[in-house]
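J.: With our numbering applied, the sequence shown corresponds to residues 10 to 392, in that order.
Dropping a structure here in structure tokens format, bear with me for questions.
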Amino acid sequence: MQTKDAPWWPCHESSLSIHSLDRDTKSKRHMLRSLKIVLLRLLRGGGIFEFVANSRWRQQRLLILCYHGTSLEDEHLWRPELYITLQTLRERFVFLKENRYAVLPLGEALDHLRARTLPARSVVLTFDDGTYDFYRQAHPLLTEFGYPATVYLTTYYALCERPVFNLISSYMLWHRRGELIPDGRKIGLQGPLDLRTESGRHQVVRNLIDSTEREHMTGLQKDDLASRVADFLGIDYAALKAKRVLQIMNAKEVEEIARNGTDIQLHTHRHRLPEDETLFSREIRENRALILKLTAAKVPAVHFCYPGGVYRPSFLPGLRSEQVVSATTCDTGLCTSNSQSLLLPRFVDNQMRAQLEFESWAAGVGDLLAVRRAAAQKYVPRD
Ligand SMILES: [Zn+2]
Numbered sequence: 010m011q012t013k014d015a016p017w018w019p020c021h022e023s024s025l026s027i028h029s030l031d032r033d034t035k036s037k038r039h040m041l042r043s044l045k046i047v048l049l050r051l052l053r054g055g056g057i058f059e060f061v062a063n064s065r066w067r068q069q070r071l072l073i074l075c076y077h078g079t080s081l082e083d084e085h086l087w088r089p090e091l092y093i094t095l096q097t098l099r100e101r102f103v104f105l106k107e108n109r110y111a112v113l114p115l116g117e118a119l120d121h122l123r124a125r126t127l128p129a130r131s132v133v134l135t136f137d138d139g140t141y142d143f144y145r146q147a148h149p150l151l152t153e154f155g156y157p158a159t160v161y162l163t164t165y166y167a168l169c170e171r172p173v174f175n176l177i178s179s180y181m182l183w184h185r186r187g188e189l190i191p192d193g194r195k196i197g198l199q200g201p202l203d204l205r206t207e208s209g210r211h212q213v214v215r216n217l218i219d220s221t222e223r224e225h226m227t228g229l230q231k232d233d234l235a236s237r238v239a240d241f242l243g244i245d246y247a248a249l250k251a252k253r254v255l256q257i258m259n260a261k262e263v264e265e266i267a268r269n270g271t272d273i274q275l276h277t278h279r280h281r282l283p284e285d286e287t288l289f290s291r292e293i294r295e296n297r298a299l300i301l302k303l304t305a306a307k308v309p310a311v312h313f314c315y316p317g318g319v320y321r322p323s324f325l326p327g328l329r330s331e332q333v334v335s336a337t338t339c340d341t342g343l344c345t346s347n348s349q350s351l352l353l354p355r356f357v358d359n360q361m362r363a364q365l366e367f368e369s370w371a372a373g374v375g376d377l378l379a380v381r382r383a384a385a386q387k388y389v390p391r392d
């Protein structure tokens, strides 16, 4: 686990953040959101959701839902854009079941999309990264409902079996939010650590990452640093590790969910997609080879999800030459038969989404009303 191989792990949570907005803009956004909820309530009450859900227009479209983690503890309070509670996920599944949505495997749904043979109300469930909480919570729920799902697995931390350094650092600092620590030298940082705002905590994480890069830390050394940060903050790191918070599923868990029918697909080995052609190919190839080995699959993975939802036009030829047949983004929208296969939009569901908003997207009304569709391409703290 050399530093040059260690993942930077760009943050997914960027996609729905309210980017460094001033108070006026935030309040306008809040007002618009409240108005939107009122409008959706009226439309649902007036039978428009059902009308659109039953339409030929919706039948020609595919909703790919994107999830990340289900909270083992309080992760949805730390990153509501990234996490959802198991209870909320259950409510989504109950809605899909009671309203006769056709939840399809990803590959099958994409074939139907191209052939224009999708069943009515078609939906695909995807989970990015492959965190342990999928094995522990989402997978049993999927089994209970009989729903197929795709996990886009990043493989470095599946072998490393340690908490993802950047995320666990951010999570631990959030647990000390509100504090202004006068001196960070004990964890190798200069000056005071301002944990009172998301921006302040993000800067501390950034400085910690810089220090791991400067010192060419291995994965294990980074885990030692995370342990020292925990001690410094008065957090029980051993207990956090034992709970498997912010860890990727290990080899045994991946093998088990794959054996039970979960589709495991590509998300790069180190959760990054470099511009350099050789490194780009290596990310796909190492990821694919490990997935093949871990899952004992008969065919190599060909579906891909951009780490952090970050994509560039220059990535597309590289994906094609690696025989990737589909790629999903964090951009918002329903897929049509005309959608670019390597830039498929999804609906990122999380704890911030109201049930009504989720229902509007299942029906297709959400897509008709969508204003902002492009996901942010980098993480920006919310304050
Ligand atoms: Zn990811």
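Virtual Cβ for every residue (Gly too), placed ideally from N, Cα, C.
1. At the level of alpha carbons, what is the spacing between Y320 and R186?
2. Would you report the Cα separation of F104 and D272, rounded to the nearest angstrom?
3. Within the present structure, is the beta-carbon of P172 separated from the nearest heavy atom of ligand 1 by less than 6 Å?
4. Helix, strand or coil for I57? Go by DSSP, reduced to three states.
5. With 16 as the cutoff for other CB atoms within 10 Å, does S36 come out buried or exposed?
6. Does ligand 1 have a heavy atom nearer than 6 Å to the CB of P191?
7. Mapping the DSSP letters down to three states, classify Y92 as helix, strand or coil.
8. Using alpha carbons as the reference points, say which of Q68, T277, E284 lies closest to A111.
9. Please tell me whether, using a cut-off of 6 Å, the distance from the CB of D358 to the nearest non-hydrogen atom of ligand 1 is below it.
10. Going by CA-CA distance only, name the one from H278, L86, N175, R70 that's closest to L255.
11. Is the separation between the beta-carbon of E262 and that of Y144 shorter than 7 Å?
12. Between the alpha carbons of E117 and G342, how many angstroms are there, rounded?
13. In chain order, what residues of the same chain have a beta carbon less than 6 Å from the beta carbon of T164, not counting five sequence neighbours either side?
14. Got a sec: does ligand 1 put a non-hydrogen atom nearer than 6 Å to the Cβ of P322?
15. If I'm right that A363 touches I73 with Cβ under 8 Å, what's the distance once you round it to whole angstroms?
16. Taking all protein chains shown into account, decide if S29 is buried (16 or more other Cβ within 10 angstroms of its Cβ) or exposed.
17. Helix, strand or coil: how does DSSP classify R38 here?
18. Run the CB neighbour count on K302, radius 10 Å, all protein chains shown included, and call it buried at 16 or more, exposed below.
19. Under 8 Å: do the stretch 237-253 and the stretch 146-155 share three or more Cβ pairs, one atom per stretch?
20. With burial defined as no fewer than 16 other Cβ atoms inside 10 Å of the residue's Cβ, what is the status of H225: buried or exposed?
21. Would you mind sorting A372 into buried or exposed? The rule is 16 or more other CB atoms within 10 Å of its CB.
22. Would DSSP call Q146 helix, strand or coil?
23. Classify T126: buried if its beta carbon has 16 or more other beta carbons within 10 angstroms, exposed otherwise.
24. Should M8 be labelled buried (16 or more other beta-carbon atoms within 10 Å of its own) or exposed?
25. Just verifying my parser: in three-state terms, what is the DSSP assignment at A111?
26. With distances taken from CA atoms, which of F136, A306, E286, A385 is nearest F313?
27. Quick check: the Cα distance between R109 and G209, rounded to an integer number of angstroms?
28. Taking all protein chains shown into account, do 16 or more other C-beta atoms lie within 10 angstroms of the C-beta of T337, making it buried, or fewer, making it exposed?
29. On the CB-based measure, 16 or more other CB atoms within 10 Å of its CB, does V380 come out buried or exposed?
T.: Answer, in terms of the structure:
1. Here residue 320 corresponds to residue number 311 of the sequence shown, with the count starting at 1. Here residue 186 corresponds to residue number 177 of the sequence shown, with the count starting at 1. For Y320 and R186, the distance between alpha carbons rounds to 32 Å.
2. Along the sequence shown, read from residue 1 onward, the residue named residue 104 stands at position 95. Along the sequence shown, read from residue 1 onward, the residue named residue 272 stands at position 263. Using only the alpha carbons, I get a separation of about 23 Å.
3. For the purposes of this step, residue 172 is taken as residue 163 along the sequence shown, with counting starting at 1. Not one heavy atom of ligand 1 is found less than 6 Å from the C-beta of P172.
4. Counted from its first residue, the sequence shown places residue 57 at position 48. I57 carries a helical assignment under DSSP once its states are collapsed to helix, strand and coil.
5. Along the sequence shown, read from residue 1 onward, the residue named residue 36 stands at position 27. Label assigned to S36: exposed.
6. Taking the first residue of the sequence shown as 1, we reach residue 191 at position 182. Not under cutoff, so the answer is no.
7. Stepping through the sequence shown from its first residue, residue 92 is reached at position 83. Y92: strand per DSSP, three-state reduction.
8. On the sequence shown, residue 111 is found 102 positions in, with the first residue counted as 1. Nearest option by C-alpha distance: Q68.
9. Working through the sequence shown from its first residue, we reach residue 358 at position 349. It does not: the Cβ of D358 is nowhere closer than 6 Å to a heavy atom of ligand 1.
10. As a working note, residue 255 is residue 246 in the sequence shown. Among H278, L86, N175, R70, the Cα nearest to that of L255 belongs to N175.
11. As a position in the sequence shown, residue 262 is number 253, starting the count at 1. As a position in the sequence shown, residue 144 is number 135, starting the count at 1. For E262 and Y144, yes; Cβs fall inside 7 Å.
12. Numbered from 1 along the sequence shown, position 108 holds the residue referred to as residue 117. Numbered from 1 along the sequence shown, position 333 holds the residue referred to as residue 342. The alpha-carbon atoms of E117 and G342 are separated by roughly 19 Å.
13. By one-based count along the sequence shown, residue 164 stands at place 155. H278, N296, L299.
14. Along the sequence shown, read from residue 1 onward, the residue named residue 322 stands at position 313. It does not: the Cβ of P322 is nowhere closer than 6 Å to a heavy atom of ligand 1.
15. Position 354 of the sequence shown, counted from the start, is the residue given in the question as residue 363. Position 64 of the sequence shown, counted from the start, is the residue given in the question as residue 73. In fact, because the Cβ distance is near 20 Å, the residues do not count as touching under 8 Å.
16. Here residue 29 refers to the residue found at position 20 of the sequence shown. Since pLDDT at S29 reaches only 48, below the 50 mark, its modelled position is unreliable, and no value is offered.
17. Translated into the one-based positions of the sequence shown, residue 38 becomes position 29. Looking at R38 - three-state DSSP - the assignment turns out to be helix.
18. Translated into the one-based positions of the sequence shown, residue 302 becomes position 293. It counts as exposed.
19. no
20. Locating residue 225 in the sequence shown gives position 216, where the first residue counts as 1. When all chains shown are included, H225 counts as exposed.
21. Residue numbering aside, residue 372 sits at position 363 when the sequence shown is read from its first letter. It is buried - the Cβ of A372 has at least 16 other Cβ atoms within 10 Å.
22. By one-based count along the sequence shown, residue 146 stands at place 137. Reduced to three states, the DSSP call for Q146 is helix.
23. The count along the sequence shown starts at 1 and reaches residue 126 at position 117. Under this definition T126 is an exposed residue.
24. Nothing can be reported for residue 8, as the shown portion of the chain is limited to 10 through 392.
25. The residue given as residue 111 occupies position 102 in the sequence shown. Looking at A111 - three-state DSSP - the assignment turns out to be strand.
26. If you number the sequence shown from 1, residue 313 lands on position 304. Minimum Cα distance to F313 is reached at F136.
27. Taking the first residue of the sequence shown as position 1, residue 109 is located at position 100. Taking the first residue of the sequence shown as position 1, residue 209 is located at position 200. One C-alpha to the other measures close to 46 Å.
28. Reading the sequence shown from its first residue, position 328 is the one you call residue 337. Counting Cβ neighbours within 10 Å, T337 comes out buried, since at least 16 surround it.
29. For the purposes of this step, residue 380 is taken as the residue at position 371 of the sequence shown. Exposed: under 16 other Cβ atoms inside 10 Å.
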